[in-house]
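Colleague:
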Amino acid sequence: MFGPIQRAYTLICNHIRRLLFPFLLKRARRLYPRIQHHVRRLTKSTVAKTAPVYGLFFEAEAMRFVAEHTSIPVPKIYDVWAANDKFGYLVMEYIEGDRLDKKWRSLTHDQKVTVMRTLRGYVDQLHAVQQPGNVGWIGSVSGQACLDLALIDALSGPFANEEEYNDWRISLFSWYANESPKVKHQLDDIRQQMRHDHRIVLTHGDIARNNVLIRVDGGGPGDVSVVALVDWGQTAWRPEYWEARKFYWVAPRNDWFSLGQELLLSGYQKEIEIEERLLLISGPPR
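Number 254 in UniProt numbering belongs to position 254 of the sequence shown; there are no gaps in the numbering.
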């Protein structure tokens with residue numbers, strides 16, 4: 001009985017929140033500083049994210065899935081809806097903490113190691129989640145199309161297996177291949193080197209310092225804790241090296257990167273080299 005009552009209560013709260021949302025947003029602009037360019041504190045206990053509709057519902061779905069299957073600290077989702085055919089809103093729990101990119105320089109080396117090891121543990125948890133249905137497919141947490149901004153700014157997939165996914169990856173460079181025989185030869189060589197037997201695992205897809213919230217209570221290595229990992233909009237089932245590849249792609253070349261090389265990137269150097277060759281091709285054909 002509690003279940004239906006709780007669902008009805010949630011629906012009523014969400015309906016009221018949506019009606020009041022313009023007022024709440026206007027009020028929030030006066031009371032709270034912007035958290036990120038697309039994320040704003042809405043009330044004392046909630047945050048609102050504005051994003052394209054096509055990715056917002058997948059992000060909410062991913063966050064609920066991760067919260068259910070891991071102990072990774074993820075903000076609770078309260079509501080998600082489309083404002084129009086382009087943009088929507090995601091309302092979630094506000095978690096008190098500082099963005100890691102704002103605090104990184106003030107942390108000691110040992111505290112930085114603590115944070116990175118915590119994130120490594122989160123990646124291990126994601127990789128340990130059992131893929132539903134027949135394993136090996138690539139797509140969103142529920143097996144639909146997914147988003148990865150390192151590839152294209154649009155949804156892609158789902159793919160039945162890694163071989164199909166790799167074929168699609170190479171097809172993204174078809175324009176360059178058609179314009180240059182040299183590039184076509186390079187792409188053929190790269191495709192032959194691409195494995196299609198990786199484990200397909202749950203992948204956050206954007207482990208960057210601005211997506212990590214921490215609290216610091218002192219100067220010791222145990223005085224720093226990760227209180228939330230956010231921005232799950234690119235989460236999907238992907239080849240096991242993809243988290244390392246994305247980290248390599250977005251990380252600034254400083255001690256964050258060097259620690260990540262040791263604790264996140266190890267074991268996937270061959271795959272990263274292939275990805276770097278693809279990036280070189282995406283410039284003008286030669």
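Beta carbons are placed, not taken as given, at the ideal position from N, Cα and C, and that holds for glycine.
All figures in this text were calculated on a predicted structure; none of them were measured in a lab.
(1) Take P239 and list the residues in its own chain whose beta-carbon comes closer than 7 Å to its own, dropping the five residues that flank it on each side.
(2) Can you tell me whether DSSP reads Q36 as helix, strand or coil?
(3) From G136 to H204, what does the alpha carbon distance come to, in whole angstroms?
(4) Taking C-beta to C-beta, are I190 and R245 nearer than 8 Å?
(5) In angstroms, rounded to a whole number, what distance separates the CA positions of Q193 and E271?
(6) Are the beta-carbon atoms belonging to W256 and R195 less than 8 Å from one another?
(7) For a quick check, are the C-beta atoms of I170 and L187 less than 8 Å apart?
(8) Going by DSSP, name the residue or residues bridged to I274.
(9) Among A28, N14, C13 and H109, which residue has its Cα nearest to the Cα of G222?
(10) Could you round the C-beta distance between V80 and F65 to whole angstroms and report it? I think they count as a contact, below 8 Å.
(11) Could you tell me the alpha carbon to alpha carbon distance between V216 and V224, rounded to whole angstroms?
(12) For L280, which of F87, Y176 and A60 has the nearest alpha-carbon?
(13) Helix, strand or coil for F58, going by three-state DSSP, please let me know.
(14) Would you say the region 249 to 267 touches the region 118 to 126, given that touching needs at least three Cβ pairs under 8 Å?
(15) Which value, in whole angstroms, describes the spacing of the CA atoms of I72 and N178?
(16) Find out if the Cβ-Cβ distance for the pair I207, F173 is shorter than 8 Å.
(17) Where does T50 sit, in a helix, a strand or coil, going by DSSP?
(18) Is the Cβ-Cβ distance between A150 and L90 less than 8 Å?
(19) Just the Cα atoms here: how many angstroms apart are S140 and G157?
(20) Would DSSP call G143 helix, strand or coil?
(21) According to DSSP, is F173 part of a helix, a strand, or is it coil?
(22) Ignore the nearest five residues each way along the sequence and tell me which others in G143's own chain have a CB closer than 6 Å to its CB.
(23) How many angstroms separate the CA atom of L107 from the CA atom of A83?
(24) Using DSSP with H/G/I as helix, E/B as strand and the rest coil, what is W104?
Modeller: Put simply:
(1) Its chain contains E162, H198 and I200 as the residues whose beta carbon lies nearer than 7 Å to that of P239, once the 5 sequence neighbours on both sides are disregarded; these appear in chain order.
(2) Secondary structure at Q36: strand, using DSSP grouped into helix, strand and coil.
(3) It is roughly 17 Å from the alpha-carbon of G136 to the alpha-carbon of H204.
(4) No, the pair does not count as a contact, with Cβ atoms beyond the cut-off.
(5) Cα to Cα, Q193 sits roughly 9 Å from E271.
(6) Against a cut-off of 8 Å, the Cβ pair of R195 and W256 comes out as no contact.
(7) Cβ distance < 8 Å, so I170 and L187 count as in contact.
(8) Looking at the DSSP assignment, I274 forms no beta bridge with any residue, so it has no partner.
(9) The shortest C-alpha to C-alpha distance from G222 to any of A28, N14, C13 and H109 is the one to H109.
(10) The beta-carbon distance between V80 and F65, rounded to whole angstroms, is 14 Å. This is too long to meet the 8 Å contact definition.
(11) For V216 and V224, the distance between alpha carbons rounds to 4 Å.
(12) The residue with the shortest Cα to Cα distance from L280 is Y176.
(13) Three-state result, F58: helix.
(14) Yes, since at least three Cβ pairs between the region 249 to 267 and the region 118 to 126 fall closer than 8 Å, the two stretches touch.
(15) Distance between the alpha carbons of I72 and N178 is about 45 Å.
(16) No, the Cβ-Cβ distance between I207 and F173 is not below 8 Å.
(17) Three-state DSSP puts T50 in a strand.
(18) Not a contact, by the Cβ cut-off of 8 Å.
(19) The alpha-carbon atoms of S140 and G157 are separated by roughly 9 Å.
(20) DSSP places G143 in coil when its eight states are reduced to three.
(21) Note: F173 maps to coil in three-state DSSP.
(22) Residues P158 of the same chain have their beta carbon placed closer than 6 Å to that of G143, with the five preceding and five following residues left out of the count.
(23) Computed Cα separation, rounded: 40 Å.
(24) Here DSSP, grouped into helix, strand and coil, assigns W104 to helix.
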